[in-house]
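K.L.:
Following this message is one structure expressed as structure tokens.
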Amino acid sequence: MARIAGIDLPNKMVKIALTYIYGVGLSTALAICSKSGVNPEARINDLSAEDVNNLRKILENDYKVEGRLRTEVALNIKRLMDIGCYRGLRNRKGLPVRGQRTKTNARTRKGKKKTVAGKKK
651 MARIAGIDLP NKMVKIALTY IYGVGLSTAL AICSKSGVNP EARINDLSAE
701 DVNNLRKILE NDYKVEGRLR TEVALNIKRL MDIGCYRGLR NRKGLPVRGQ
751 RTKTNARTRK GKKKTVAGKK K
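Going letter by letter, the sequence shown gives residues 651 to 771 in this note's numbering.
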């Protein structure tokens, strides 16, 4: 099992295994494979140590992944909250940020339902 960017990659095709790293999708994984000269259809366990090192070097030098990317995203959200813009306020309240409806749905963002006592008429 190869370890790249602090992640233990499963024994799958290289193009799929690289997507387990935060910040690497399928198109980025294919670009990394072409830069390093690794066959994207090969399995992770079939790679030589040299191939794994090539992948690791390309990820470290050319891409922002895992910790650095998570930090940057968190700082961007914190900046929005600090300046008090609409998106920052929605993030602070834990509501959807990009214009989705909240009367129904939005459960992922709002969390489990909290029942409010009904009014008597």
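Idealized CB from N, CA, C, for every residue including glycine.
On the CB-based measure, 16 or more other CB atoms within 10 Å of its CB, does Lys665 come out buried or exposed?
P.N.:
Within the sequence shown, residue 665 is the residue found at index 15, counting from 1. Classification of Lys665: buried, given that the 10 Å Cβ count is 16 or more.
K.L.:
Using a Cβ-Cβ cutoff of less than 8 Å, which residues in the same chain neighbour Gly717 once the five nearest sequence positions on both sides are dropped?
P.N.:
Numbered from its first residue, the sequence shown carries residue 717 at position 67. For Gly717, where only same-chain residues beyond five positions count, the Cβ hits under 8 Å are Gly656.
K.L.:
Is it buried or exposed for Val723, if we count other Cβ within 10 angstroms and need 16 for buried?
P.N.:
Locating residue 723 in the sequence shown gives position 73, counting from the first residue. The residue is exposed, with fewer than 16 neighbouring Cβ atoms inside 10 Å.
K.L.:
Looking at the unbroken alpha helix (DSSP H) that takes in Lys665, where does it start and where does it end?
P.N.:
The residue you call residue 665 lines up with position 15 of the sequence shown. Where Lys665 is concerned, the enclosing alpha helix (DSSP H) stretches over Val664 to Ala667.
K.L.:
Exposed or buried, which one is Val688 when buried takes at least 16 other CB atoms within 10 Å?
P.N.:
Numbered from its first residue, the sequence shown carries residue 688 at position 38. Buried, because 16 or more other Cβ atoms sit within 10 Å of the Cβ of Val688.
K.L.:
Is the separation between the beta-carbon of Lys661 and that of Asn711 shorter than 8 Å?
P.N.:
Position 11 of the sequence shown, counting from 1, holds the residue named residue 661. Position 61 of the sequence shown, counting from 1, holds the residue named residue 711. Reading off the sequence, residue 661 comes out as Asn, not Lys. Contact: no.
K.L.:
For Val747, which residues from the same chain have a beta carbon less than 7 Å from its beta carbon, with the 5 sequence-adjacent residues on both sides left out?
P.N.:
The sequence position of residue 747 within the sequence shown is 97, counting from 1. Excluding residues up to 5 positions away in sequence, Arg737, Arg740 and Asn741 lie with their Cβ nearer than 7 Å to the Cβ of Val747 in the same chain.
K.L.:
With a floor of 4 residues, list each alpha helix (DSSP H) that falls wholly inside the region 736–761, ordered by position along the chain.
P.N.:
At a cut-off of 4 residues, the continuous stretches assigned as alpha helix (DSSP H) that sit fully inside the region 736–761 are 736–743 and 757–760.
K.L.:
Quick check on the DSSP output: the alpha helix (DSSP H) that includes Asp732 runs from which residue to which?
P.N.:
If you number the sequence shown from 1, residue 732 lands on position 82. Residues Glu716 to Ile733.
K.L.:
Taking all protein chains shown into account, do 16 or more other C-beta atoms lie within 10 angstroms of the C-beta of Glu654, making it buried, or fewer, making it exposed?
P.N.:
Here residue 654 refers to the residue found at position 4 when the sequence shown is read from its first residue. One point to set straight first is that residue 654 is Ile, not Glu, in the sequence displayed. Result: buried.
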